[in-house]
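Reading through the structure tokens given below for one structure.
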Amino acid sequence: MENGSKKMNKSSLLILIIVGVIVLAVVGYGIWQTMGKGTGSSSSSALTVSGALELNEENLEGRWICTGETVAHELTFSKEQKLSYQKFETGNEMPVLSTTDDTYKIEGNTLTLSISVLTGDISETCQASLTKDTLTLTGTGESPSHFAGTYRRTEPEESSSTAESNLSEPESSASPESSSPLESSSKPQNDQWKPVYISYIESLHSDEWQNFKLINLDGDSIPELYIEGSTTAQGNLICTYSNGKMVSENLRSGITKYNEGSNRLHVRSGNMGLYFDTIYSIQNGAFMQLHSGQFELRDPYGTSYEENDTNYQYTWDGKQILKAEYDQKLNQEVGSGKAAYEAMITKSEVITKIANW
Numbered sequence: 035m036e037n038g039s040k041k042m043n044k045s046s047l048l049i050l051i052i053v054g055v056i057v058l059a060v061v062g063y064g065i066w067q068t069m070g071k072g073t074g075s076s077s078s079s080a081l082t083v084s085g086a087l088e089l090n091e092e093n094l095e096g097r098w099i100c101t102g103e104t105v106a107h108e109l110t111f112s113k114e115q116k117l118s119y120q121k122f123e124t125g126n127e128m129p130v131l132s133t134t135d136d137t138y139k140i141e142g143n144t145l146t147l148s149i150s151v152l153t154g155d156i157s158e159t160c161q162a163s164l165t166k167d168t169l170t171l172t173g174t175g176e177s178p179s180h181f182a183g184t185y186r187r188t189e190p191e192e193s194s195s196t197a198e199s200n201l202s203e204p205e206s207s208a209s210p211e212s213s214s215p216l217e218s219s220s221k222p223q224n225d226q227w228k229p230v231y232i233s234y235i236e237s238l239h240s241d242e243w244q245n246f247k248l249i250n251l252d253g254d255s256i257p258e259l260y261i262e263g264s265t266t267a268q269g270n271l272i273c274t275y276s277n278g279k280m281v282s283e284n285l286r287s288g289i290t291k292y293n294e295g296s297n298r299l300h301v302r303s304g305n306m307g308l309y310f311d312t313i314y315s316i317q318n319g320a321f322m323q324l325h326s327g328q329f330e331l332r333d334p335y336g337t338s339y340e341e342n343d344t345n346y347q348y349t350w351d352g353k354q355i356l357k358a359e360y361d362q363k364l365n366q367e368v369g370s371g372k373a374a375y376e377a378m379i380t381k382s383e384v385i386t387k388i389a390n391w
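FYI, the numbering for the sequence shown is 35 to 391, going by the working numbering.
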């Protein structure tokens with residue numbers, strides 16, 4: 035009996051030891067898992083914090099694109115809080131809306147974007163989260179946000195075409211025999227603007243955009259495309275092509291004038307005693323507003339509308355001046371100019387003219 039009891043005691047002790055080891059192993063594994071997850075979480079958190087960038091002009095500068103199901107938005111931030119904006123229908127390379135010379139403002143972690151379109155001004159403040167390659171904007175108002183979304187930083191597109199151009203230059207000078215093939219292959223490069231313009235024209239509704247004209251505004255080999263809207267609310271459009279990309283600018287409805295090769299476009303608009311003179315120029319492939327002038331009736335209920343300092347107040351680039359100086363500044367920029375609305379042609383005619391250019 036005693037021997038049997040001793041054997042049982044030893045067996046019980048062995049079982050207790052085995053159970054104890056198993057319990058310790060399970061507890062130890064649980065502690066290790068908890069510590070591992072905690073470490074991973076804190077590491078991930080550290081990466082998130084370290085990946086965030088301060089919201090400032092230097093970190094924001096560049097081109098950002100947000101692509102949605104139906105539309106894509108492109109924001110280009112430049113120095114001195116300058117902003118350009120383009121809106122695309124998804125899958126279409128031609129912008130349905132394009133503005134330049136707009137502004138943005140940074141306050142803490144918020145970003146206020148202000149753009150001007152034909153239907154009025156849009157100004158919206160968003161919460162902004164910035165990393166090296168992403169910009170996340172979240173609307174702060176109750177109404178739907180125009181700019182909200184996640185934007186990806188996009189590098190300039192010119193570099194690849196520039197590299198290809200540089201590579202082709204030595205072949206051009208290598209031997210006279212190769213000049214003919216190179217000329218034929220370089221022609222599509224020079225003519226790339228043609229299908230882009232034609233595709234854009236064909237995408238426009240004929241009842242809204244009926245009159246067209248090709249003008250040589252900046253004096254290069256590619257003309258600008260001027261399009262006249264059918265209503266005052268629509269205004270007009272001016273398009274240019276540079277670095278493999280077409281850019282359009284909405285113009286107020288009014289009288290548009292230019293001089294060939296001057297790189298100056300003058301738009302006079304307004305009514306009811308308030309008139310605007312806007313001067314545009316093509317800079318780096320986009321339209322920039324160089325000057326803005328306006329003159330307004332001092333007494334809108336008066337009986338005299340003769341343009342003079344007595345009846346009107348004149349301002350140029352925000353500074354109040356006399357009519358003589360106003361006229362002088364306007365004349366220095368564009369002179370008398372050609373009226374863009376003269377000798378306009380139809381949709382089919384401008385397509386033929388582009389193809390034969």
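Built from N, CA and C at the ideal position, the CB exists for glycine as well.
Boundaries of the beta strand (DSSP E) around residue 317: 308-317. Pairing residue 254 with residue 230, the inter-Cα distance amounts to about 17 Å. When secondary structure is reduced to three states using DSSP, residue 293 falls in the coil class, being assigned neither helix nor strand. Below 8 Å, too few C-beta pairs join the region 331-342 and the region 249-268 to call them touching: fewer than three. For residue 119, the three-state secondary structure derived from DSSP is strand. For residue 93, the CB contacts under 8 Å within the same chain, skipping 5 residues up- and downstream, are 87 and 164 in chain order. Restricting attention to 276, 271 and 333, the CA atom closest to the CA of residue 225 is found in 276. Between the region 284-299 and the region 364-374 there are three or more C-beta pairs closer than 8 Å, enough to call the two in contact.
By the neighbour-count definition (other C-beta atoms within 10 Å, threshold 16), residue 175 is an exposed residue. Considering only 288, 257, 133 and 299, the residue with the shortest C-alpha distance to residue 313 is 299. Contact annotation: the region 97-116 touches the region 168-186, with at least three C-beta pairs closer than 8 Å.
If you draw a straight line from the Cα of residue 252 to the Cα of residue 258, it comes to about 8 Å.
In this structure, residue 381 sits near residue 235, with a CB-CB distance shorter than 8 Å. Distance from the CA atom of residue 283 to the CA atom of residue 344, rounded to whole angstroms, is 35 Å. For the pair residue 271 and residue 261, the CB atoms are nearer than the 8 Å cut-off. By the criterion of a C-beta distance shorter than 8 Å, residue 245 is surrounded in its chain by 261, 262, 375, 378, 379 and 380, once the five residues flanking it on both sides are discounted. Here residue 118 is buried, its C-beta having at least 16 other C-beta atoms within 10 Å.
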